[in-house]
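A.B. asks: Residue numbers (this note's numbering): 6 to 417. Have a look at the structure that comes next, please.
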Amino acid sequence: MIHHSETMNDERGTMNERRFIVHRSAFIFSVCLLLSLNGCRQISSRLSVRPRALRDVPAARLAFRLEPDISEEVLPPSLVNEVLDEPLASVKQDFDTRRKDEALLRTVPSPDGQRALALYDPGGLPSDEFKLDLYASDGRFLRNLLPENLSGAFLTTAVWSPDGQWIAFIGRKTEKPQPTPTPPDELNMPTAPAPGDNTNAAATPTVQPLLPAVPMFTTEQVYLCDRDGFNLRPLTTREGLVYFSLAWAPDGHALAALACTEAELAARINENKLLAGRPRLIDRNGQERLLDDQLMDALPVWSPDAAKVATASDTDVLIYDAVGEQPTGARLSLHDQLLTASTAYDAQRLSKGGQVSVVPLSFNPIVRLEWTQPETLLAQTGFVRIYQNNEEVHRYPRWHVLHLSPQAVVLK
Numbered sequence: 006m007i008h009h010s011e012t013m014n015d016e017r018g019t020m021n022e023r024r025f026i027v028h029r030s031a032f033i034f035s036v037c038l039l040l041s042l043n044g045c046r047q048i049s050s051r052l053s054v055r056p057r058a059l060r061d062v063p064a065a066r067l068a069f070r071l072e073p074d075i076s077e078e079v080l081p082p083s084l085v086n087e088v089l090d091e092p093l094a095s096v097k098q099d100f101d102t103r104r105k106d107e108a109l110l111r112t113v114p115s116p117d118g119q120r121a122l123a124l125y126d127p128g129g130l131p132s133d134e135f136k137l138d139l140y141a142s143d144g145r146f147l148r149n150l151l152p153e154n155l156s157g158a159f160l161t162t163a164v165w166s167p168d169g170q171w172i173a174f175i176g177r178k179t180e181k182p183q184p185t186p187t188p189p190d191e192l193n194m195p196t197a198p199a200p201g202d203n204t205n206a207a208a209t210p211t212v213q214p215l216l217p218a219v220p221m222f223t224t225e226q227v228y229l230c231d232r233d234g235f236n237l238r239p240l241t242t243r244e245g246l247v248y249f250s251l252a253w254a255p256d257g258h259a260l261a262a263l264a265c266t267e268a269e270l271a272a273r274i275n276e277n278k279l280l281a282g283r284p285r286l287i288d289r290n291g292q293e294r295l296l297d298d299q300l301m302d303a304l305p306v307w308s309p310d311a312a313k314v315a316t317a318s319d320t321d322v323l324i325y326d327a328v329g330e331q332p333t334g335a336r337l338s339l340h341d342q343l344l345t346a347s348t349a350y351d352a353q354r355l356s357k358g359g360q361v362s363v364v365p366l367s368f369n370p371i372v373r374l375e376w377t378q379p380e381t382l383l384a385q386t387g388f389v390r391i392y393q394n395n396e397e398v399h400r401y402p403r404w405h406v407l408h409l410s411p412q413a414v415v416l417k
């Protein structure tokens with residue numbers, strides 16, 4: 006009996022162990038199944054995360070394909086048949102009739118066509134400075150924009166915001182020229198009034214009205230005012246830096262600019278080269294973000310979606326995020342591809358059967374960018390020099406296109 010009882014106990018123990026093993030195996034299997042399902046969800050979620058537009062792709066995650074030496078047929082008409090800006094006829098007529106002693110240099114119509122900026126030389130200013138007035142589109146003078154000792158610099162940088170609500174330009178303090186002293190023997194000579202002299206004649210537009218005091222600097226800074234010419238203020242206050250280019254974002258949220266030191270500016274001028282500066286973003290509140298510490302040769306351009314800014318140094322194109330909490334940047338090195346393309350270009354078009362030089366004559370840095378579509382960035386290479394009297398020499402101009410796309414995601 007004792008032996009039979011021991012046998013029964015052994016069998017019960019064995020069955021309990023089997024039940025434990027079965028339950029434990031089922032538990033382990035369930036855990037593994039859950040982990041595998043979770044892993045599938047993670048992989049499928051990674052696969053489903055695709056950017057809806059190129060603006061959602063950080064600059065550091067961009068891929069590109071270079072298509073060198075594109076034909077003029079695929080270029081935008083504005084790049085093929087570039088024409089000089091003609092002054093607005095109504096404003097020009099006002100200068101021709103009432104302001105004959107002043108030289109109209111340029112007019113900049115507002116986006117809505119209702120107003121225009123008149124950039125002019127009143128006489129007595131340095132050759133690289135100008136004054137700025139606001140006109141109605143029908144040629145009616147509205148107001149002076151600049152205080153007496155503030156002048157504009159770099160003609161092409163006076164620009165309206167895309168919505169026409171803001172005016173940005175680059176200006177600097179200019180000392181009012183002192184009149185030449187009159188000889189003492191001429192001071193006491195009486196002068197008779199000229200026939201028909203009218204002492205009550207209306208003042209010309211260049212008589213400066215009382216304008217609010219504005220901070221001024223001896224080097225070129227960025228200024229902003231509203232569409233009516235009021236609320237004039239400097240966006241930058243970095244004495245010693247020279248800002249020389251401005252470009253509004255398509256949505257008007259910020260400006261892209263280049264700036265350099267006075268020594269760097271003088272060096273480029275002495276070398277007869279295009280000006281080069283460090284790229285930066287400036288919002289309408291004056292917040293400034295330096296994009297790169299390297300001097301760039303090409304003026305910054307915005308992507309059509311206002312999400313990125315591109316510029317160039319030598320044969321590299323650099324792209325920066327302009328929005329987002331963690332902006333990135335990317336350098337697209339085109340040296341080898343452009344060198345290969347230049348060798349083929351010289352062999353086909355320049356050498357004419359002669360010996361091709363070691364360094365192709367057409368191999369030059371990137372001097373201009375145009376961002377026509379979010380995925381299409383045009384780059385022009387060429388030899389450019391600016392000599393005395395602003396004479397520009399352009400040789401070997403060639404257009405290339407960068408096709409941008411998101412980088413492929415490697416799944417682990």
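Note that CB positions come from ideal geometry on N, CA and C, so glycine has one too. In this text the structure is predicted, and so the values were computed from the model without any measurement.
#1: Would HIS399 be called buried (16 or more neighbouring beta carbons within 10 Å of its own) or exposed?
#2: Less than 8 Å between the C-beta atoms of LEU260 and VAL306, yes or no?
#3: Taking the CB atoms as reference points, tell me whether ILE175 and THR162 lie closer together than 8 Å.
#4: Helix or strand or just coil, what does DSSP make of LEU279?
#5: So which of LEU246, TRP376, ILE274 and PRO152 has the shortest CA-CA distance to GLU396?
#6: Go ahead and pull the three-state DSSP assignment for PHE69.
#7: Can you check DSSP and say which residues form a bridge with LYS178?
#8: I need the straight-line Cα distance from ALA413 to SER166, nearest angstrom please.
#9: For SER410, which of helix, strand or coil comes out of DSSP?
#10: Using 8 Å as the cut-off, can you tell me whether the segment 319–337 makes contact with the segment 295–311, which would need three or more C-beta pairs spanning the two stretches below that distance?
#11: By how many angstroms is the C-alpha of PRO379 removed from the C-alpha of GLY118?
#12: Taking the alpha carbon of ASP5 as the point to measure from, which residue in PRO127, GLU244, SER250 and GLU180 has its own alpha carbon closest?
#13: Determine the direct distance from the alpha carbon of PHE100 to that of ALA272, and round the result to whole angstroms.
#14: Go ahead and pull the three-state DSSP assignment for GLU191.
#15: Leaving out five residues before and five after ARG283 in sequence, what residues of the same chain have Cβ atoms less than 8 Å from its Cβ?
#16: For the beta strand (DSSP E) that contains ALA121, what are its first and last residues?
#17: If you compare alpha carbons, which of LEU240, PRO127 and VAL164 is closest to PRO255?
#18: Keeping to the same chain, check which residues put their C-beta closer than 7 Å to that of ASN369; ignore five residues upstream and five downstream.
#19: Helix, strand or coil for ILE75 per DSSP?
#20: Compute the Euclidean distance between the alpha carbons of GLU276 and ASP231, then round it to the nearest angstrom.
#21: Nearest to THR179 by CA position, among VAL322, THR223 and GLU72, is which residue?
#22: Is GLU330 helix, strand or coil by DSSP?
#23: Ignoring anything shorter than 3 residues, give me the beta strand (DSSP E) runs that lie fully in the segment 215–252, in order along the chain.
#24: Whole angstroms are fine: how far does the CA of GLU78 sit from the CA of VAL322?
#25: Which term fits GLY128, buried or exposed, when burial requires 16 or more other beta carbons within 10 angstroms of its beta carbon?
#26: What number of angstroms, rounded off, separates the C-alpha of ASP90 from the C-alpha of ASP138?
#27: With DSSP collapsed to three states, give me the class of GLN353.
#28: For ASP168, which residues from the same chain have a beta carbon less than 8 Å from its beta carbon, with the 5 sequence-adjacent residues on both sides left out?
C.D. replies: Based on what the coordinates show:
#1: exposed
#2: no
#3: yes
#4: In the structure shown, LEU279 sits in coil (DSSP, three-state: anything other than H, G, I, E or B).
#5: ILE274
#6: strand
#7: LEU155
#8: 36 Å
#9: Strand, per DSSP.
#10: yes
#11: When rounded, the distance between both Cα atoms is 27 Å.
#12: The displayed coordinates of the chain run from 6 to 417. Any statement about residue 5 would go beyond what the structure contains.
#13: 37 Å
#14: In this predicted model, GLU191 has a pLDDT of only 46, less than 50, meaning its place in the structure is not dependable enough to derive any value.
#15: Contacts found: LEU263, ALA264, CYS265, LEU295, LEU296, ASP297, ASP298, GLN299, LEU300 and MET301.
#16: 120–126
#17: From the listed residues LEU240, PRO127 and VAL164, the smallest Cα separation to PRO255 is found for VAL164.
#18: Within the same chain, Cβ atoms closer than 7 Å to the Cβ of ASN369 are found at THR386, GLY387, PHE388 and TYR401, the five residues on either side in sequence being excluded.
#19: coil
#20: 38 Å
#21: Considering only alpha carbons, the answer is THR223.
#22: coil
#23: 226–231
#24: 24 Å
#25: exposed
#26: 18 Å
#27: helix
#28: PRO116 and GLY257
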